[in-house]
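K.L.:
Residue numbers (our numbering): 2 to 164. Every residue, glycine too, gets a C-beta built ideally from N, C-alpha and C.
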Amino acid sequence: MDELKFWEIVGSAHDQSDGNMDEKCDLIGTALSKLSKDDARAFSVLFDAMMDHAYSWPLWGAAYVINGGCGDDTFSDFRASLISRGRTAFESALADPESLASEDFDEDAWFYEGYQYAVTDGVKAAVGSVVNRESPHPGEPSGQAWEEDKVYDLYPQLAEKFA
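(1) Out of Ala90, Glu108, Met52, Asn133, state which residue places its alpha-carbon closest to the alpha-carbon of Ser100.
(2) By DSSP's criteria, Ser103 is part of a beta bridge. Which residues make up the other side?
(3) CA-CA distance, Pro157 and Gly129?
(4) Let me know if Gln145 comes out buried or exposed under the rule of 16 or more other beta-carbons within 10 Å of its beta-carbon.
(5) Tell me whether Ser18 sits in a helix, a strand or coil according to DSSP, three-state version.
(6) In terms of DSSP beta bridges, what is Ser57 paired with?
(7) Alpha carbon to alpha carbon, how far is Tyr153 from Asp39?
(8) In its own chain, which residues sit with a C-beta less than 8 angstroms from the C-beta of Trp58, not counting the 5 before and 5 after it?
(9) Go to Lys125, then tell me how far its alpha helix (DSSP H) extends in each direction, as first and last residue.
(10) With His15 and Lys25 assumed to form a contact (beta carbons below 8 angstroms), what rounded beta-carbon distance in angstroms separates them?
(11) For Gly30, which residues from the same chain have a beta carbon less than 7 angstroms from its beta carbon, with the 5 sequence-adjacent residues on both sides left out?
(12) According to the neighbour-count rule (16 or more other Cβ atoms, all chains shown, within 10 Å of its Cβ), is Asp78 buried or exposed?
(13) Taking 6 angstroms as the cut-off, is the beta-carbon of Gly62 closer than that to any non-hydrogen atom of the ligand FMN?
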C-alpha cells in the first residue's frame with residue numbers, strides 16, 4: 002500500500018457517497034475490511050500520518066473560525082473529515098487553509114465524529130485486531146500558534162463566510 006493507493010481508496014468512498022458521511026463511513030469500512038492484512042496495516046499507518054500532518058496551528062485556526070470554536074476532539078474530527086474528502090481537498094487545505102472558504106459546507110460533514118472510527122473498524126476487520134500507532138501523536142501542532150481573539154483576522158475569507 003502506497004500513498005497513491007491510500008488516496009484512491011479514500012477518494013472512491015468519497016465519490017460514491019455523494020458527501021453523505023454515514024454512507025462514506027460504511028464504504029470506507031467495507032473497502033478496508035477487504036484488504037490484505039499488510040495493506041490494511043499500511044492504510045492505518047498512512048491514515049495516522051495524514052492525521053499527524055494535518056495537526057497544525059494554521060489548519061486548527063481555520064477549523065476554529067469555521068466552527069466558532071474548536072477543541073482537541075473536534076479538531077481530530079475535522080482532520081479526519083478533511084482526509085475523507087480526498088487528496089485534493091486535503092493538500093489544498095494544508096497549503097492554504099483559506100482555500101476551505103471555496104468548499105461546499107455541510108458543517109456536520111466537516112466535523113463528523115465517525116470517520117476515524119470507521120477506518121479503525123475496517124482495518125480491525127481485515128487484520129483481526131486494532132492496529133497500534135507506529136509513532137506517537139505529535140505533542141504540539143506544527144506552525145505558528147494563534148491567539149483566540151485574533152484568529153478570525155488570520156482567515157478573513159473564512160470569517161466572512163462563517164462568522
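P.N.:
So, from the data block:
(1) Ala90
(2) Bridge partners of Ser103: none, in fact.
(3) 47 angstroms
(4) exposed
(5) helix
(6) Ser143
(7) 43 angstroms
(8) Pro142, Ser143, Gly144, Gln145, Ala146, Trp147
(9) 116-128
(10) 6 angstroms
(11) Ala119, Asp122, Gly123
(12) buried
(13) With respect to small molecules bound, the structure shown includes none, and the ligand FMN cannot be examined in it.
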